[in-house]
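Engineer: For the sequence shown, counting from 1, position 272 maps to 272 in the UniProt record's numbering; every step adds exactly one.
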Amino acid sequence: MHSLAVSQGMIPSSHCKCWLVFSRCIRMSAQTGIGATIDVPVIKVPKRLEKRVEEIRRMKESEGEFQWQGRVFNARPGKELISAKRKEFNYYQNQLFRTSVPQKLASHGWKHRKSRGDFFTLLAYRGNPSVQDGEIRGQSQLSFDDYGIDRRLLTRLEDMDIRKPTIIQDLAIPVLMKGKNALFAAETGSGKTLAYLLPLLNSLLKLRDVCQNEDVGRPWSLILVPAQELAHQVHSVVTNLSRDHGIVCELLDGAGSLKLCKSTLEKPIDVLVATSGRLNMSLKHRLFSLQSIRHTVIDEADTLLDDSFKSSTVHILKKMEINQKPASPLSGSFGSQLIMAGATMPKQATLALGEVLSENSLTVLSTPHLHRIQPHINQKFLRLHTTDKAVTLLKILSQDARKNTSVMIFCNEASTCNWVAYLLEENGFSCLRLNGAMKIQERRGVMEAYQSGSSNILVSTDIASRGIDTSRVEHIINFDFPNHMSDYIHRVGRVGRVSSRKGGRVTSFVVHKWDVDLVHKIETAVRTRESLPRVDANIKRKHILRNTEIPFNQIMFE
1 MHSLAVSQGM IPSSHCKCWL VFSRCIRMSA QTGIGATIDV PVIKVPKRLE
51 KRVEEIRRMK ESEGEFQWQG RVFNARPGKE LISAKRKEFN YYQNQLFRTS
101 VPQKLASHGW KHRKSRGDFF TLLAYRGNPS VQDGEIRGQS QLSFDDYGID
151 RRLLTRLEDM DIRKPTIIQD LAIPVLMKGK NALFAAETGS GKTLAYLLPL
201 LNSLLKLRDV CQNEDVGRPW SLILVPAQEL AHQVHSVVTN LSRDHGIVCE
251 LLDGAGSLKL CKSTLEKPID VLVATSGRLN MSLKHRLFSL QSIRHTVIDE
301 ADTLLDDSFK SSTVHILKKM EINQKPASPL SGSFGSQLIM AGATMPKQAT
351 LALGEVLSEN SLTVLSTPHL HRIQPHINQK FLRLHTTDKA VTLLKILSQD
401 ARKNTSVMIF CNEASTCNWV AYLLEENGFS CLRLNGAMKI QERRGVMEAY
451 QSGSSNILVS TDIASRGIDT SRVEHIINFD FPNHMSDYIH RVGRVGRVSS
501 RKGGRVTSFV VHKWDVDLVH KIETAVRTRE SLPRVDANIK RKHILRNTEI
551 PFNQIMFE
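1) Given this structure, state the Cα-to-Cα distance separating residue 380 from residue 489, to the nearest angstrom.
2) Whose CA, out of 419, 519, 188 and 80, lies closest to the CA of residue 96?
3) Just how far apart, CA to CA, sit residue 36 and residue 53?
4) So, for residue 239: in the same chain, excluding its five sequence neighbours on each side, which residues have a beta-carbon less than 6 Å away from its beta-carbon?
5) Could you check what DSSP says for residue 383 in three-state terms: helix, strand or coil?
6) Out of curiosity, what's the CA-to-CA distance linking residue 82 and residue 299?
7) Are there 16 or more other CB atoms within 10 angstroms of the CB of residue 148, so buried, or fewer, so exposed?
8) Should residue 180 be labelled buried (16 or more other beta-carbon atoms within 10 Å of its own) or exposed?
9) Classify residue 363 as helix, strand or coil using the three-state DSSP reduction.
10) Starting from the C-beta of residue 268, find all residues in its chain whose C-beta is less than 7 Å away, skip the five residues before and the five after it, and write them out in chain order.
11) With a cut-off of 8 Å, do at least 3 Cβ pairs link the segment 307-318 to the segment 429-441?
12) If you run the structure through DSSP and keep just helix, strand and coil, what is residue 113?
13) Does the segment 109-118 touch the segment 368-377, meaning 3 or more C-beta pairs lie closer than 8 Å?
14) Which class does residue 125 belong to by DSSP, given the choice of helix, strand or coil?
15) Looking only at its chain, what residues have a beta carbon closer than 8 Å to the beta carbon of residue 105, apart from the 5 residues adjacent to it on each side?
16) Taking the DSSP output, what are the residues bridged to residue 569?
17) The beta strand (DSSP E) that contains residue 191, what's its start and end?
18) So residue 519 is in the alpha helix (DSSP H); what residue range does that whole segment cover?
19) For the segment 406-451, which segments carrying the alpha helix (DSSP H) assignment without a break, of at least 4 residues, lie completely within its bounds, in sequence order?
20) Find the nearest neighbour of residue 85 within the set 512, 117, 235 and 92, judged by alpha-carbon distance.
21) Given this structure, state the Cα-to-Cα distance separating residue 421 from residue 178, to the nearest angstrom.
22) In the segment 243-324, which residue ranges form an unbroken beta strand (DSSP E) of at least 3 residues, counting only runs that do not cross its ends?
23) Buried or exposed, going by whether 16 or more other CB atoms sit within 10 Å of the CB of residue 456?
24) Terminal residues of the continuous beta strand (DSSP E) containing residue 485?
25) At what residues does the beta strand (DSSP E) containing residue 507 begin and finish?
26) Classify residue 386: buried if its beta carbon has 16 or more other beta carbons within 10 angstroms, exposed otherwise.
27) For chain C, find out if any of its Cβ atoms is closer than 8 Å to the Cβ of residue 405; answer yes or no.
28) When the Cα of residue 294 is compared with those of 480, 285, 263 and 218, which residue comes out closest?
29) Give the secondary structure of residue 36 by DSSP, where H, G and I count as helix, E and B as strand, and everything else as coil.
30) Under the rule that 16 or more other beta-carbon atoms within 10 Å means buried, what is residue 129, buried or exposed?
31) Under 8 Å, do residue 462 and residue 233 count as touching if we go by C-beta distance?
32) Does the segment 155-175 touch the segment 344-352, meaning 3 or more C-beta pairs lie closer than 8 Å?
33) Pick helix, strand or coil for residue 337, following the three-state DSSP scheme.
34) Between residue 225 and residue 155, is the Cβ-Cβ spacing less than 8 Å?
35) For residue 297, which residues of its own chain have a beta-carbon under 6 Å away from its beta-carbon, when the five flanking residues on both sides are left out?
36) Please report the distance separating the alpha-carbon of residue 465 from that of residue 125.
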């Protein structure tokens, strides 16, 4: 029929070919049992993404290591930890970094002058470990009630809106409540001051419930600090916690005359907060006695036990009797519990204190994140030439001013600190400054003024980097890159504190070749997930080692 129609010209020959193909398809489907419907290929993934989808599929299916974009991973890349100007140096959470194989860093080549203008950032990738690690350990269910702390102190904590202990507080408070001698170290801003103050004040309240301190010039507790700014801060916290409970707290801060010190000490004192220098001067003039001391705290122990302060600190401790075993505060015998706290672990502590304390009588505590880069703070490193620093600083501060950001600028020398302050004032930026070359009267009140918001910019040396609660600070600028790893840790610790209401960030100007050496160590520690190397606060010893050929072991034991 169909052939007849074609031969008679009723159906065009082109249509005939289509009809034949269709007929063959129908016959084939009937023979193979396939339905009449034909599957038509559908493009489900765009051609340009096929390779990426295949890579992801292999990641999910693979076990162990695999490569992607020239990098080696043990799982899916995860969060970005390092973001660099040169993207080939970006680094991810699950990326492997083998020190056994030569690896290039984002800061590689920064000693060359052509690296000027390069940068990289250590990105925040998790919450504050002082709190978050505690939650992982099940600590989030704990409260200060669990430690047997006096209800009067708990009420003050509630008034200060402090509800849950941090990880170092959970570690240290139970040990100190038993009267044990302890050395504890934790990351900056983790609540170390409360960790030693709560057990100390709890003990004093129990003691005052049964007797009163009526001995003039014989304090019951001593808190030793390296700088007057920290002394004022600790004194303020003690006063706030013990308000209306009859505890007398006095301050020896290095300011004022000898006559003023004498009048301060001519009364019964429960807690004496003092700087090392002023305390030694008062002891030299026999203004008071340490024979009744029951609690001795060395705050910022890494500083007070280094070679700059060690002889002064040990001299003070020799003036009292340190308990070699725990003693009840209500016991009739006199002797002091020794408590040492710091943001870095003073590795020579037992050696320095060998004359006053046996090693077996000391409990050592530390947090898991000690001596590590803070994972909740963005830290940017800028490779600059010396002539770029001033212009870059003014540009950054202009951006911060538009956001009303509070800034701390760190310099290595007092002269640089003064110069930067003048530079900012000449360019219309209101600022405060703080350094050791200033007179004591000039330094007094600077931190309080900054914390109260009288200025959004504070230019300082490392005198403000240790122990000070700078919860208002949002941005740290290292105008001079720190000379030592411990200084970098302390400076970064001015932001991202437990008490901070906002997050923080750090910007560091990297200029000199010796700056680059320290940057290499910091970046390597992040890539290898290891602790920062050579975290030693003994700045004086490092200065000696840098400028002499004396072997380290000879200096350590001289």
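Here a beta-carbon is modelled for each residue, glycine too, at the ideal position from N, C-alpha and C.
Structural biologist: Looking at the atomic coordinates:
1) Going from the Cα of residue 380 to the Cα of residue 489 covers about 14 Å.
2) In this structure, 80 is the residue among 419, 519, 188 and 80 with its C-alpha nearest to the C-alpha of residue 96.
3) A caution first: residue 36 carries a pLDDT of 49, below 50, which makes its placement in the model unreliable, though a value can still be read off. Taking the straight line joining both Cα atoms gives about 33 Å.
4) Beyond the five residues adjoining it in sequence on each side, residue 239 comes within less than 6 Å, by CB distance, of 249 in the same chain, given in chain order.
5) Residue 383: strand per DSSP, three-state reduction.
6) The straight-line gap separating the alpha-carbon atoms of residue 82 and residue 299 is approximately 34 Å.
7) Taking every protein chain shown into account, the CB of residue 148 has fewer than 16 other CB atoms within 10 angstroms, so this residue is exposed.
8) Residue 180 counts as buried, since at least 16 other C-beta atoms from the protein chains shown sit within 10 angstroms of its C-beta.
9) Strand.
10) Within the same chain, residue 268 has close Cβ partners 213, 214, 215, 216 and 248.
11) No, they do not touch.
12) Look at residue 113 here: in three-state DSSP terms it is helix.
13) Proximity of the segment 368-377 to the segment 109-118 falls short of the contact definition, fewer than three beta-carbon pairs being nearer than 8 Å.
14) Of the three classes helix, strand and coil, the one that applies to residue 125 here is coil, per DSSP.
15) Cβ neighbours of residue 105 beyond the five flanking positions: 89, 520, 523, 524 and 527.
16) As shown, the chain starts at 1 and ends at 558. That puts residue 569 outside it, with no answer to give.
17) First-last for residue 191: undefined, no H or E at that position.
18) Judged by DSSP secondary structure, residue 519 falls within the alpha helix (DSSP H) whose first and last residues are 513-528.
19) With a minimum length of 4 residues, the continuous alpha helix (DSSP H) runs that stay inside the segment 406-451 are 414-426 and 440-443.
20) Comparing C-alpha distances from residue 85 to each of 512, 117, 235 and 92 shows the shortest one belongs to 117.
21) Roughly 48 Å separates the two Cα atoms.
22) Segments of the beta strand (DSSP E) lying fully in the segment 243-324: 249-252, 271-275 and 295-299.
23) Buried, since its Cβ has 16 or more Cβ neighbours within 10 Å.
24) Residue 485 -> not in any beta strand (DSSP E); alpha helix (DSSP H) instead, spanning 485-492.
25) Here the beta strand (DSSP E) through residue 507 covers 505-510.
26) Result: exposed.
27) The displayed structure is made up of one protein chain only, and chain C is not part of it.
28) For the residues 480, 285, 263 and 218, the minimum Cα distance to residue 294 belongs to 218.
29) Here residue 36 scores only 49 on pLDDT, less than 50, and its place in the model is too uncertain to base an answer on.
30) Buried is the call here.
31) Not a contact, by the Cβ cut-off of 8 Å.
32) Contact annotation: the segment 344-352 does not touch the segment 155-175, with fewer than three C-beta pairs closer than 8 Å.
33) Correct three-state label for residue 337: strand.
34) Taking 8 Å as the Cβ cut-off, residue 225 and residue 155 do not qualify as a contacting pair.
35) Beyond the five residues adjoining it in sequence on each side, residue 297 comes within less than 6 Å, by CB distance, of 196, 223 and 339 in the same chain, given in chain order.
36) Between the alpha carbons of residue 465 and residue 125 lies a distance of about 24 Å.
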